[in-house]
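Adding 448 to a residue's 1-based position in the sequence shown gives its number in the numbering used here. Quick reminder that beta carbons are idealized off the backbone N, C-alpha and C, glycines included. In this text, all values refer to a predicted model and were calculated from it rather than measured experimentally.
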Amino acid sequence: MGGMLTGIKVAMLGGDAREAILLEELLRQGAEVQACGLPEVPGGGGYACYDDPRATVRGVRVVILPVPGVNSEGRIHAPGSQQPLYFNQELAEAIPAGTLVLVGVARPLLKEMATAGGWQLVETADRDEMAILNSIPTAEGALMLAMQELPITLHGSRAFVLGLGRTGFTLARMLAGVGALVTVVDRGAADRARAYAEGWRAVAFTDLAGVIGEADVIFNTVPAQVLTASVLAATSPGVLIIDLASAPGGTDFAAATAMKRRAMLAPGLPGKVAPRTAGLILARLYPTLILECLERL
449 MGGMLTGIKV AMLGGDAREA ILLEELLRQG AEVQACGLPE VPGGGGYACY
499 DDPRATVRGV RVVILPVPGV NSEGRIHAPG SQQPLYFNQE LAEAIPAGTL
549 VLVGVARPLL KEMATAGGWQ LVETADRDEM AILNSIPTAE GALMLAMQEL
599 PITLHGSRAF VLGLGRTGFT LARMLAGVGA LVTVVDRGAA DRARAYAEGW
649 RAVAFTDLAG VIGEADVIFN TVPAQVLTAS VLAATSPGVL IIDLASAPGG
699 TDFAAATAMK RRAMLAPGLP GKVAPRTAGL ILARLYPTLI LECLERL
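Okay, here's the thing in structure tokens:
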């Protein structure tokens with residue numbers, strides 16, 4: 449029986465255990481997959497493997513890049529590849545205009561190439577359904593890091609969550625669930641009201657410096673520098689800061705180091721702490737997304 453992607457040619461460039469699980473689902477849905485730089489997939493058959501990324505994208509309608517995407521030097525995230533993979537100009541020229549390109553996060557280099565090449569570039573990490581589902585392994589991973597690093601239990605700890613977006617909300621609920629005393633910090637009055645309705649203390653960022661000295665642990669989800677040197681100066685010397693925002697995060701890490709505050713940047717936790725779950729999320733969302741995007745071309 450054919451699947452929803454029957455007859456659609458897809459190239460997968462790089463990836464880790466998440467993309468390996470996605471590949472299995474694409475095959476199950478009938479896609480014709482050409483891959484380069486992926487980890488070995490259980491069963492190992494049903495798709496074409498290439499060493500050359502340019503050969504991999506030949507004749508496809510869809511190119512799938514890993515969730516972390518391509519770094520500023522053009523290197524594709526491919527920890528399972530025997531050789532580094534690069535998204536260079538030669539590869540870009542091999543992808544025709546109108547091709548659908550899916551990536552978790554697109555950095556400026558990839559965006560510039562997409563504009564020049566006329567591709568339909570779709571960033572998936574910030575789509576609501578994916579971000580909400582990924583907030584679960586992100587929050588679990590954040591709690592794991594806190595439990596490893598703190599000399600106290602999370603139960604009864606004074607935990608601050610900066611930002612009540614999709615990740616922040618899930619994280620605050622989990623912290624409350626283990627008995628932490630949760631303070632949520634957000635700019636929006638409506639979000640602070642929502643936090644209050646959940647039984648958490650809610651504080652505006654303008655008032656953060658006045659209360660942050662209470663925190664045993666601070667989780668930041670805001671992708672802008674909110675933990676500035678002046679705010680960090682008001683924190684307790686024993687505080688633990690876990691920054692979950694995309695690099696470079698929302699913390700002045702140089703100031704934190706100078707003040708001897710423990711601060712760690714921990715983006716991309718789903719793929720690190722729960723790669724199978726993260727892969728199943730991709731497998732759940734990508735087939736439908738591919739069809740929706742191709743219909744618009």
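Using 10 angstroms around the beta-carbon of residue i, count the other beta-carbons present and answer buried if the total reaches 16, otherwise exposed.
i      : result
Arg466 : buried
Ala590 : buried
Pro735 : buried
Arg509 : buried
Glu473 : buried
Met452 : exposed
Leu745 : exposed
Asp691 : buried
Gln477 : buried
Ala693 : buried
Gly727 : buried
Ala496 : exposed
Leu475 : buried
For residue i, tell me which candidate among the options has the shortest Cα-Cα distance.
i      : options                        : result
Gln404 : Ala695, Arg575, Ala663, Glu472 : Since the displayed the chain opens at 449 and closes at 745, residue 404 lies outside it and no answer follows.
Ser684 : Val659, Ala702, Leu581         : Val659
Val578 : Trp567, Tyr495, Gln482, Ile729 : As written in the sequence, residue 578 is Met, which differs from the Val given in the question. The shortest C-alpha separation from Met578 is found at Ile729.
Gly493 : Leu688, Val481, Gly552         : Val481
Asp655 : Ala643, Ser605, Ala682, Val630 : Ala682
Ala479 : Leu471, Gly485, Leu548         : Leu471
Ala706 : Ala573, Ala677, Ile690         : Ala677
Gly462 : Leu475, Asp499, Asp576, Gln477 : Asp499
Leu486 : Leu558, Ile469, Gln568         : Ile469
Thr586 : Gly611, Thr601, Thr615, Met595 : Thr615
Val551 : Val511, Ile689, Leu593         : Val511
Gly719 : Asn582, Leu675, Ile689         : Asn582
Measure the alpha-carbon distance for residue i versus residue j and round it to whole angstroms.
i      : j      : result
Val665 : Arg724 : 28 Å
Val570 : Leu742 : 11 Å
Gly647 : Glu488 : 47 Å
Arg555 : Pro516 : 9 Å
Ala824 : Val687 : Nothing can be reported for residue 824: it is not among the residues displayed for the chain, which extend from 449 to 745.
Met460 : Ala645 : 44 Å
Asn519 : Met595 : 31 Å
Arg709 : Ser605 : 17 Å
Ala526 : Leu598 : 33 Å
Tyr534 : Leu717 : 24 Å
Val621 : Gly450 : According to the sequence as given, residue 621 is Arg; it is not Val. Distance between the alpha carbons of Arg621 and Gly450 is about 41 Å.
Ala657 : Val633 : 11 Å
Lys457 : Ala483 : 11 Å
Thr454 : Glu538 : 29 Å
Leu737 : Leu619 : 27 Å
Ile600 : Arg649 : 21 Å
Tell me whether residue i counts as near the ligand SAH, meaning its Cβ is closer than 7 Å to at least one heavy atom of that ligand.
i      : result
Pro514 : Only the bare structure without any ligand can be found here, which leaves the ligand SAH out of the picture.
My understanding is that residue i touches residue j, with C-beta atoms under 8 Å, so please give their C-beta distance in whole angstroms.
i      : j      : result
Gly627 : His603 : 4 Å
Pro514 : Asp464 : 7 Å
Gly698 : Val670 : 5 Å
Val630 : Val651 : At roughly 11 Å, the Cβ-Cβ gap does not stay under 8 Å, so Val630 and Val651 are not in contact.
Arg753 : Phe653 : In the structure as shown, the chain starts at 449 and stops at 745, and residue 753 therefore has no counterpart that could be examined.
Asn536 : Gly522 : 6 Å
Phe667 : Ala607 : 7 Å
Gln568 : Val549 : 7 Å
Leu612 : Ala643 : 6 Å
Ala714 : Leu593 : 6 Å
Within 8 Å of any Cβ in chain B, is that where the Cβ of residue i sits?
i      : result
Arg640 : No chain B is present in this structure, which holds just one protein chain.
Could you say if the stretch 635-643 and the stretch 558-578 meet the contact criterion of at least three C-beta pairs nearer than 8 Å? Judged by Cβ distances under 8 Å, the stretch 635-643 makes no contact with the stretch 558-578, as fewer than three pairs qualify.
Pairing CB atoms from the stretch 497-507 with CB atoms from the stretch 539-552, are three or more of them under 8 Å?
-> Yes, the stretch 497-507 is in contact with the stretch 539-552.
The stretch 699-707 in contact with the stretch 715-723 per 3-pair CB rule at 8 Å:
No, they do not touch.
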